[in-house]
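Working notes for the structure below.
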DNA sequence: GCTTGACCTAGAGTTAACTCTAACTTTTAC
DNA sequence: GTAAAAGTTAGAGTTAACTCTAGGTCAAGC
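Structure, rendered in structure tokens:
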């Protein structure tokens, strides 16, 4: 089974990504892109990296490595390892900020109950630092801010 | 204790955020911003929203609501609830993509061991769909892509 | 054969979030 | 009092990731 570009374009911003060189291996008939089942694992992988906030240029690097074949296996493995760390950091970061949000949630619940923010104005924040070193790092091992 | 802008600027891109109207309540002496301990909970909150990928304009809306006082308590509470959902979705999404990354990790480990990708080329992907409906939604309740 | 519609491209335009520059003021150190 | 350091601003420039436009090709249906 094959897929037309309009079908695929609903799922990803295909033309743009193709322009950026992200799928050099997709078949063409008379210049028209024809996606096949075999392309899907690749599309899924690109979609994954994109949603992990990897910049297009970095994804392109990965594509170029993949094109070079077996000699770049270790480099690609390295990139995957970085993404694994990246995911862990992002989850950690989200959980960190969840504390702040949960605090504010309770804060507003109490304030709404009382009809005024006055009663909660001096509730202590969950953590008293803004020091960058104590904030989780942004999940940015090579990925965008 | 107070803090100079250069001290604060290391932590956040203060001048830019101020320009965007994100801290209208910070004190000034002869036009120079003077941050005080009382400002920190606010700065932390802005930092939190920023790191949850809320666009500056949306953060500004929150700031403007806060300035209006008690009449906007419910609206602000609503915004916080959205962020709570947003965090849950983002964590879910990250865990989803982690499966893909873990698959690739094992894939490359095997390929490196064998010296060639050939041996793993036909390993089945963890999930066989690219259907947008089956992918977790991007964590974007009002937040940027 | 001709219109319609789905596809193609190059390139211009848009948007968000910075980032830098230049010219000015205020504070600090001697 | 004066020079340097650190603060200020408006506004121009940058970058990434789209998004749109204009003009063109090609196959299908009438």
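Chains as they are written, first to last, in our numbering: chain A, 2 to 146; chain R, 2 to 146.
Think of the CB as a built atom: it goes at the ideal place given N, C-alpha and C, for glycine as much as any other residue.
Residue i - DSSP class collapsed to helix/strand/coil
{"i": "residue 136/A", "result": "Its pLDDT being 48, under 50, residue 136/A is placed unreliably by the model, and nothing is read from it."}
{"i": "residue 21/A", "result": "coil"}
{"i": "residue 14/A", "result": "coil"}
{"i": "residue 50/A", "result": "helix"}
{"i": "residue 131/R", "result": "Interpretation of residue 131/R is limited by its pLDDT of 45, a score under 50 that renders its predicted location unreliable; the figure taken from the coordinates is listed afterwards. DSSP places residue 131/R in coil when its eight states are reduced to three."}
Those residues which DSSP pairs with residue i across a bridge
{"i": "residue 121/A", "result": "DSSP, once it has assigned bridges, lists no residue as partnering residue 121/A."}
{"i": "residue 41/R", "result": "DSSP, once it has assigned bridges, lists no residue as partnering residue 41/R."}
{"i": "residue 30/R", "result": "33/R"}
Residue range of the unbroken alpha helix (DSSP H) whose run includes residue i
{"i": "residue 61/A", "result": "57-69"}
*Where in the stretch 72-118 of chain A do unbroken runs of the alpha helix (DSSP H), each at least 4 residues long, occur, reported from the N-terminal end onward?*
74-115
*Is the stretch 90-107 of chain A in contact with the stretch 37-55 of chain R, if contact means three or more CB pairs nearer than 8 Å?*
Contact holds: three or more Cβ-Cβ distances are below 8 Å.
_Three-pair Cβ contact test at 8 Å for the stretch 19-27 of chain R versus the stretch 52-69 of chain R_ = yes
*Give a yes or no on contact between the stretch 83-91 of chain A and the stretch 36-46 of chain R, applying the rule of three or more CB pairs nearer than 8 Å.*
A contact is defined here as three or more CB-CB pairs under 8 Å, and the stretch 83-91 of chain A fails this definition with respect to the stretch 36-46 of chain R.
*Are there three or more Cβ pairs, one per stretch, closer than 8 Å when the stretch 108-123 of chain R is compared with the stretch 102-119 of chain A?*
no
*asked:* Across the stretch 63-80 of chain R and the stretch 110-120 of chain A, are there enough close Cβ pairs to call them in contact, namely three or more that are closer than 8 Å?
replied: yes
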